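*Asks:*
Numbering (full-length UniProt numbering), first residue to last: 1 to 27.
#1: Do you know how far the Cα of residue 9 is from the Cα of residue 21?
#2: Under the three-state reduction of DSSP, which class applies to residue 1: helix, strand or coil?
#3: Pull up the distance between the alpha-carbon of residue 12 and that of residue 27, whole angstroms please.
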């Protein structure tokens, strides 16, 4: 269960970084 939470947390962080890069590219 803890491993699942950690995995989803890492995926969310990765998505956040990807989103931030897209936003920076548009400016």
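Think of the CB as a built atom: it goes at the ideal place given N, C-alpha and C, for glycine as much as any other residue. Quantities reported herein were computed from a predicted structural model and do not represent experimental measurements.
*Replies:* Walking through what the data contain:
#1: If I take the Cα positions, the gap works out to 19 Å.
#2: DSSP places residue 1 in coil when its eight states are reduced to three.
#3: Straight across, the Cα-Cα distance linking residue 12 with residue 27 is about 23 Å.
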